[in-house]
Each structure stands twice: as structure tokens, then as C-alpha cells.
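Colleague:
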Amino acid sequence: RRRAPRAAPRPDAPSAGAVRAVAVPPRRRGPADPPLRTRGVGGAMPRARPPLCLLLLPLVAVLLALPAPTAAAVEDLDAEGLEAALAEEGGGLIFLDLYAHWCGHCKKLGPVLDDVARRLDAGEGAEGASMRIIKVDAAKHKAAGDRFGGVKSYPTLLYRPADASEFAKYEGPRSADALVAFASRMSGPGVRALPPSASPAEARARLFAADRIAFFLCTAGLEAPAAAAASAALDAAAARLRAQASF
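Heads up, the sequence shown is in the working numbering, so the first residue is 180 and it goes up one at a time.
1. DSSP on G300, reduced to helix/strand/coil?
2. Taking the alpha carbon of V315 as the point to measure from, which residue in A406, R419, G260 and R339 has its own alpha carbon closest?
3. Among L292, F327, A317 and G324, which one has its Cα closest to the Cα of M310?
4. Using the three-state DSSP reduction, which class does K331 fall into: helix, strand or coil?
5. Hey, could you find the ends of the beta strand (DSSP E) L373 is sitting in?
6. Going by the DSSP bridge assignment, what does V315 pair with across the sheet?
7. By DSSP, does A323 sit in helix, in strand, or in coil?
8. Quick one: using the 10 Å Cβ neighbour count with 16 as the cut-off for buried, is G324 buried or exposed?
9. Please decide whether G271 counts as near chain C, where near means a Cβ-Cβ distance under 8 Å.
10. In the DSSP assignment, the alpha helix (DSSP H) including F394 goes from what residue to what residue?
11. Check whether the stretch 410-423 and the stretch 336-355 are in contact - that is, three or more C-beta pairs closer than 8 Å.
12. Would you grab the beta carbon distance between F426 and V370 for me? Rounded to a whole angstrom, and I think it's under 8 Å.
13. With H, G and I counted as helix, E and B as strand and the rest as coil, what does DSSP make of A362?
14. By alpha-carbon positions, which one of A399, L256, R207 and S363 ends up nearest to R298?
15. Starting from P404 and walking both ways along the alpha helix (DSSP H), at which residues does that stretch end?
16. Any idea which residues DSSP pairs L336 with across the strands?
17. Could you tell me whether the Cβ atoms of A296 and I312 are closer together than 8 Å?
Here it is, written out as C-alpha cells:
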């Protein structure tokens, strides 16, 4: 039986054992693929740029090293801390809150005092108004209350003007507005001079907005001796009563 003759191989057909190259279309790159690195001038590979977070680390370190801005805050002291604070010279007006940790009224007053300290630090009240607010748990630190003759009720509020050596009892309103007005009265002079162009109503609205009582003295038309005597009487009244009213 005769076999059929084999077909002659084509010139472009691969020989036996040869690897045939197949064209594969390029794959589209996705967002998770690493970035392509291209060669620069002279065939050198360019340096990889550091992440932005590493570049910001020196700036963050500098900002953390800067001192934080300080704001006026209520000082919660013990008996020894209170004695040290009262012994400081040039302490200015001091407002003292003798409280008890279990007292409900004391707990309500705490946020009010924090608000007063913040508002005075922000420049509210009369020009130059400031008041150092100190609080002591007199139920826990009994020596602090004994220093003032004992505490009969909580909270007991006391104040000491900058030009005084003894504390007086604060019996005014306990709202933030009233305490800011109190600090304005006690920080400045006892009697304030009004601008010549301001009417009494305008002056009261600007200087004594939170006060319930304000006294005014007009010396227009008075002779010099009478005006001086009236001014001296107003100064004496202000020295005694400026904690309750404005002059």
C-alpha cells in the first residue's frame, strides 16, 4: 500500500521544536499598579519623591514646640495654694469661691465662673477690667474656710480689691453679666469721668450696661468750691459702694 506524499513545508512555517511568538495586547494599568519609572538623562533612574506626610513632619515638629496660648482660667486650689496666692504682691482684684464638692448650687456656679474668666480674658467689660478667680473646696480643705471665720453656707463668695488687704463678702447677682460688670467696677477707678460729648444715657449704655444702679454727678453751673465738695462726696460714696453700683 502506497502512502500519500507529504506536503512541502512553507517557507514561513516554524520548524519542529521552535517557539512560536504570539502577539499579546498590552494590559491596561489600574490605580493599584505601582507608578512607572522612566530613565532620565544618561539612562539613570530618577530618585523617588518622599510622601507628602514625610515632608510635613518638620513643620509639625516646629508647631508642637511652640508654646500654647494661655487664657485666663479659674484656679482650683487647696489651703496651701490659697495662702501662696494671697501672699503674692500686685495680685489685683481677687474673687474667691469657697465651695463644697457635694453642693448643687456650687456645681451650677462653676461654669458661670469659667465663662466670666473667658469673657474678661477676651476683653469684655470696661477697659482694663480684670479679676483673678480662685475657688477652694472648703468642705475638703477646712483650713481655707477657717481663715475667714468659717463657712456657714455654700458657696461663700468673697472678694478683695487691689487696694485692700481684707476680703469682703460678695452679695450681688451670680450671673456672668453681673460678675463681668462687678469686675469692671472694681478694676478701674471708683468714679469714672464721662466723655464730654456723651449724654448720660449714651454713657450708661456703653459703660454700665450690666449694672442695675449707677450714680451720675454733673457739676455744670456749680462754682468751684461747690463742685469740689460734690466730687469729694461722690468719691467717698464710690469707695464704700462701688461693689454694688457704678459712679
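Beta carbons: idealized from backbone N, C-alpha and C, even for Gly.
Modeller: The answer reads as follows:
1. Per the sequence shown, the amino acid found at residue 300 is Asp instead of Gly. Assignment of D300 by DSSP, reduced to helix, strand and coil, places it in the helix class.
2. Looking only at A406, R419, G260 and R339, the smallest Cα-Cα distance to V315 is reached by G260.
3. Ranking L292, F327, A317 and G324 by Cα distance to M310 puts L292 first.
4. Correct three-state label for K331: coil.
5. Neither: L373 is in no beta strand (DSSP E) and is coded neither H nor E.
6. In the DSSP assignment, the residues bridged to V315 are L256 and L277.
7. A323 falls in the helix class under three-state DSSP.
8. Flag for G324 reads buried.
9. Protein chains in the displayed structure number just one, and chain C is not present.
10. Careful: F394 lies outside any alpha helix (DSSP H) and carries neither H nor E.
11. Taking a contact to require three or more Cβ pairs closer than 8 Å, the stretch 410-423 and the stretch 336-355 qualify as touching.
12. V370 and F426 do touch by the CB rule: their CB atoms are close to 5 Å apart, below 8 Å.
13. A362: helix per DSSP, three-state reduction.
14. When A399, L256, R207 and S363 are compared, the shortest CA-CA separation from R298 is found for S363.
15. DSSP places P404 inside the alpha helix (DSSP H), whose first and last residues are A403 to L420.
16. In DSSP, L336 forms a bridge with D276.
17. A contact, by the Cβ cut-off of 8 Å.
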